[in-house]
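Protein chains in written order, with the UniProt record's numbering: chain A, 1 to 149; chain B, 1 to 149; chain C, 1 to 149; chain D, 1 to 149; chain E, 1 to 149; chain F, 1 to 149; chain G, 1 to 149; chain H, 1 to 149; chain I, 1 to 149; chain J, 1 to 149. Here the structure is laid out as structure tokens; the discussion comes afterwards.
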């Protein structure tokens with residue numbers, strides 16, 4: 001019996017390695033962006049029924065796993081408070097070094113409030129560059145103002 | 001006597017509030033992006049001599065403070081390991097929720113390596129939107145591959 | 001010179017104790033709820049110009065402090081990760097004990113998403129009760145769904 | 001052999017996903033609020049004998065599991081000190097941002113003491129709203145004053 | 001100007017050392033138990049007006065400090081999560097070693113619920129004993145049951 | 001093969017639930033206080049040979065488990081530094097709120113030293129009370145003075 | 001089924017002990033430095049296809065494990081934030097004691113920027129010495145300057 | 001009065017910035033390596049009398065500060081357990097990613113023991129390189145074997 | 001006014017550096033061991049009246065400081081949970097590496113109980129040795145058995 | 001297959017309990033001190049081939065386990081940063097309370113440097129005493145001076 005969502009993520013990863021499937025292929029099959037689809041496979045988003053069945057077929061998951069894919073998961077994909085993986089740490093470093101800057105500039109433009117991490121999308125692209133290719137990432141989040149009451 | 005860089009940041013913030021200067025105005029005076037200039041004023045980047053003098057004049061800083069602006073600072077702008085400020089936390093949350101997704105997609109596109117946080121730039125813009133304006137952020141970092149040796 | 005928002009909070013608290021002002025009186029003077037007004041005085045929300053002047057007058061704050069009240073503060077009002085104050089700890093305990101329950105029930109009703117802590121209001125009332133009066137608190141937050149993209 | 005209460009929670013969740021049972025249905029069968037019933041199923045409250053048997057039948061639990069449901073559990077439903085799940089984090093954020101406000105206002109109204117988290121109830125409701133539906137939550141806790149002795 | 005309650009505790013301690021006052025004397029003057037009175041002087045309980053004036057006179061506190069003594073303080077008297085002082089650590093050790101025992105035995109006697117730390121009193125006494133005197137402590141707290149709703 | 005003491009505790013708890021044994025019954029069978037006996041069953045104290053055999057018979061433990069009961073265990077019964085269970089947290093809260101008070105009063109009475117947590121006993125009793133029954137706990141520990149050398 | 005990279009590391013270590021293979025032998029077979037090869041076997045670097053097959057043959061790994069060796073792993077080889085192993089701790093101590101020195105001297109020579117840990121190599125050698133042999137380690141990392149933008 | 005070594009470090013840094021002294025100049029004046037001299041100025045090593053006087057003269061320190069320079073300091077130069085400064089973090093990352101590799105290779109060469117961080121030296125050099133200059137660091141530590149007894 | 005014991009420790013250290021007093025001289029003046037006397041000066045033990053006066057005279061302390069020396073202090077002499085100073089860390093390492101060994105051997109010899117850190121003395125001596133002098137430390141603590149009750 | 005050293009420690013402990021072997025007997029069989037032998041059995045030291053075979057025979061270990069005994073282990077024998085076991089905690093308390101004293105006295109005698117935890121031995125003995133037997137422990141570590149370079 002599958003008793004948590006994490007087991008489903010492990011099944012997906014094990015089959016992805018064994019079958020050599022790419023995340024682009026999964027996203028194409030599901031018909032959504034590669035960013036959202038990957039996040040959902042890794043247990044951070046919720047599939048609807050037809051999406052879950054497509055994913056289940058690709059990775060040859062049992063029915064029970066397909067049911068779990070449609071449940072809102074307990075989110076959070078990192079094993080430690082400060083990430084140890086160098087790629088992910090660089091993002092944490094950006095938050096740490098630029099955090100106060102981001103805060104100052106958004107408040108200067110919008111006033112008090114936040115940039116949503118829910119009504120949010122992300123797009124990761126390669127930019128070819130003679131000095132070494134670059135990773136370009138666009139983050140887009142709705143501004144949510146604090147209101148007085 | 002000024003014994004650390006943090007005192008200079010506090011002087012800048014106190015004068016910014018007292019005089020009503022905006023970060024856009026500082027960036028225009030220095031002639032660089034608002035993102036880099038704000039980070040530098042907040043003690044995360046190093047000004048060269050002429051930039052430091054412009055900043056010093058704007059905020060009426062003493063000579064000693066202008067010297068400190070030209071020293072590479074001990075970086076890190078947040079008071080806690082997990083940020084408590086809601087605006088900055090949303091960025092930490094993006095790293096936490098999407099961290100493994102970002103890792104998977106960059107590796108699928110580029111192989112093993114990282115996106116640099118040093119050869120890096122950031123651009124924050126307002127996107128007008130009838131459902132509520134959005135904050136759009138573009139992050140651009142050079143891809144640095146791990147090499148065998 | 002006042003170099004951070006925390007100093008303004010301390011000034012407000014010191015004058016509140018010395019003058020015997022209540023938060024109800026501050027809220028009445030500002031014309032907003034006691035919950036929002038108290039949070040703003042304690043450095044968690046941002047006053048506009050006229051509100052800041054009213055607060056400044058009540059607590060006899062210097063002009064510089066009134067300017068700080070109009071700056072979006074670095075939020076987070078507790079000195080430790082797990083609160084040590086028994087009253088505030090009970091709220092942390094509610095999150096700890098009921099957290100997974102809240103998550104399950106909101107997802108069952110609304111699907112995947114969150115209850116906003118920004119587009120949010122709170123109302124604290126006394127309910128008289130012969131077995132001991134009760135504190136009743138109403139929390140209201142907009143539901144923000146995760147979207148596919 | 002079942003050696004802890006956590007195993008029972010996992011059994012309940014696995015069967016809930018497999019059978020498609022909702023928490024409303026469990027609460028109706030038990031005859032109590034959905035909030036308390038869900039918390040109890042998740043190992044935060046204690047069922048009496050007849051309640052435990054109803055739950056056991058719904059989720060097809062073995063007798064031993066039904067015995068565990070009647071034992072006061074070691075409470076605490078979150079895996080980390082600061083929750084990583086965005087929905088639950090928003091509640092932690094409320095405690096963090098509004099914690100000192102809540103403390104000030106309850107003390108202003110009631111004097112020194114706490115709002116009980118034991119003699120406590122919670123009600124979660126959807127409020128339809130043209131700007132996006134809202135989650136409304138009512139928390140009610142007995143005020144317990146500190147006494148001199 | 002006194003900007004927090006901790007400054008008042010420091011004033012009390014400094015004067016206690018300088019004048020050689022004992023906690024028994026303070027408790028006698030206030031007319032309450034030595035346990036509650038000491039806790040209140042150390043910033044963990046709230047004095048009423050007449051009690052505060054007696055304490056203020058004993059320790060020659062300024063008027064402002066006497067006002068602070070009547071404000072419900074942010075409680076928590078230890079500088080670290082795990083106490084380093086050997087006397088206080090032994091109490092933490094008792095909680096650590098006997099915690100699960102206490103839980104089992106209270107639940108066996110009373111069912112699910114807690115022993116209140118608010119409707120609570122403590123009495124510390126010396127017991128003469130030929131093998132070395134003993135510290136005897138009686139803790140008394142109201143049992144608060146969890147209720148279904 | 002049983003490779004640690006924790007496995008024995010889990011066996012005891014599982015059999016206790018399955019057979020409906022109470023801690024009072026165990027204590028009566030062993031002929032010691034319910035407090036010490038429960039602590040020993042939960043892996044915090046060491047049984048001698050005859051006590052271990054009585055416990056082994058009650059819970060139908062294998063011979064290997066009975067051998068483990070006679071080994072001094074690695075003590076500490078709580079899974080987190082700050083306990084999350086509300087009942088046990090109240091005790092941690094007492095240490096946190098009253099810790100400095102306890103220290104002051106024991107030093108005032110006895111001088112510098114500690115109250116032993118080893119030469120120590122605990123007694124938990126119900127006190128009937130029309131306003132709600134109370135949990136009364138007597139802690140008794142030998143005072144151990146620091147000596148000069 | 002192998003569901004994570006860590007299992008492959010454990011298989012490699014178990015077979016290394018059982019067969020008495022040295023890291024030098026693995027490095028010779030793969031044709032790269034012993035430092036990089038060991039790091040890759042321990043799950044910190046990514047093998048290409050032919051390297052993975054050589055490693056797989058040496059340690060008699062199943063096909064699935066050989067596939068995992070070619071996936072960029074989640075890096076980080078230590079079980080605690082501060083390492084407890086005395087050999088590895090000495091390196092952490094060097095960072096702790098000499099960290100600010102390293103920072104000052106690299107900035108004095110190169111200006112603001114970092115020494116890359118990605119475009120990086122390491123060489124560990126024994127230096128014979130009559131007072132006791134020494135471990136000599138050469139670290140070489142590209143300097144990456146912060147740029148203004 | 002100077003009550004700790006940290007104040008002396010701050011005096012040195014403030015004067016270094018104000019006077020524009022380089023660490024190379026300090027090392028030349030003292031007649032030792034730039035690595036050891038910088039570490040000593042930053043409060044990690046102990047100067048002898050004549051070295052302390054040279055340093056005192058360079059930075060115009062008071063006599064009391066010169067006395068503090070000759071006291072073995074409490075070492076540790078970083079403000080957080082995991083460094084937030086990107087340059088120093090890269091070193092922590094090396095320990096984290098390569099830690100187990102370093103351990104394996106030193107044990108393979110030397111057997112069980114450690115590389116000393118006390119009988120230790122460090123040399124930091126610039127290597128010119130057409131693809132970008134490199135930071136080369138040589139660490140040399142005596143091997144200390146564990147002995148049986 | 002002196003408001004805590006830590007200020008007295010700083011005064012002692014500042015004067016010790018300024019006057020060049022050794023701990024041996026203090027111990028000789030007080031007439032006790034150097035270990036206990038140093039610990040007491042550093043705020044870990046309590047002096048009686050005549051001892052405090054001798055110490056006060058040596059370090060030219062004000063009367064108020066001499067009063068503080070006779071108060072049982074809040075003990076704990078290290079600024080971090082894991083010490084960063086290499087000398088002190090080696091002791092923590094001994095506890096970490098040999099902790100379970102110490103536990104096993106004391107229990108094998110004495111049964112369940114502890115070695116007291118209160119009825120305890122320490123003696124630190126230099127042992128001349130041609131291979132390098134050694135630090136020899138003798139720790140002596142009363143064995144305190146757990147008792148059944 | 002045995003995939004880590006910890007499994008071997010668990011096998012040794014399980015067999016020690018089952019067979020009633022003492023550490024003294026193991027030390028006698030191996031021909032070394034009880035302190036070193038116990039540490040090695042608990043995975044903190046490395047046996048050579050003949051020692052490992054003796055240990056393997058005593059505890060009836062499989063060949064694979066005997067190979068693991070000859071591998072330098074990842075050291076650190078405690079499950080938490082601050083030990084919860086009262087016996088081991090007393091040692092941590094000694095480091096915490098006496099740490100700064102130990103540092104001051106070793107530096108006063110030897111100058112700047114450390115007491116080695118590698119070139120180190122420990123001897124634990126019972127001292128009979130009419131007031132209660134004492135545990136006497138002798139620690140002996142080579143002094144390693146910091147050198148200038």
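Positions of the beta carbon are idealized from the N, C-alpha and C atoms, including for glycine.
Three-state class that DSSP yields for residue i in the structure shown
i, result
"residue 69 of chain C", "coil"
"residue 142 of chain B", "strand"
"residue 25 of chain I", "helix"
"residue 110 of chain H", "helix"
"residue 179 of chain B", "Absent from the structure is residue 179 of chain B, since the part of chain B shown begins at 1 and ends at 149."
"residue 50 of chain D", "helix"
"residue 136 of chain A", "strand"
"residue 59 of chain F", "helix"
"residue 128 of chain C", "coil"
"residue 118 of chain H", "strand"
Rounded Cβ spacing between residue i and residue j (contact assumed at less than 8 Å)
i, j, result
"residue 85 of chain A", "residue 6 of chain G", "About 13 Å separates the two Cβ atoms, so there is no contact after all."
"residue 149 of chain C", "residue 77 of chain A", "18 Å between Cβ atoms; not a contact."
"residue 108 of chain C", "residue 24 of chain D", "7 Å"
Beta-carbon spacing of residue i, residue j below 8 Å
i, j, result
"residue 145 of chain C", "residue 123 of chain C", "no"
"residue 17 of chain A", "residue 71 of chain G", "yes"
"residue 30 of chain J", "residue 68 of chain J", "no"
"residue 147 of chain E", "residue 119 of chain D", "yes"
"residue 58 of chain C", "residue 114 of chain D", "no"
"residue 73 of chain E", "residue 44 of chain E", "yes"
"residue 42 of chain E", "residue 100 of chain F", "yes"
"residue 1 of chain F", "residue 14 of chain J", "yes"
"residue 39 of chain D", "residue 90 of chain C", "no"
"residue 82 of chain A", "residue 81 of chain B", "yes"
Using 8 Å as the Cβ pair cut-off and three pairs as the minimum, do the stretch 93–102 of chain I and the stretch 47–55 of chain I touch? No: the two stretches stay apart, fewer than three of their Cβ pairs being nearer than 8 Å.
Report yes or no: do the stretch 115–135 of chain D and the stretch 124–141 of chain B share at least 3 C-beta pairs separated by less than 8 Å? By the C-beta criterion, the stretch 115–135 of chain D is judged not to be in contact with the stretch 124–141 of chain B, since fewer than 3 inter-stretch pairs fall below 8 Å.
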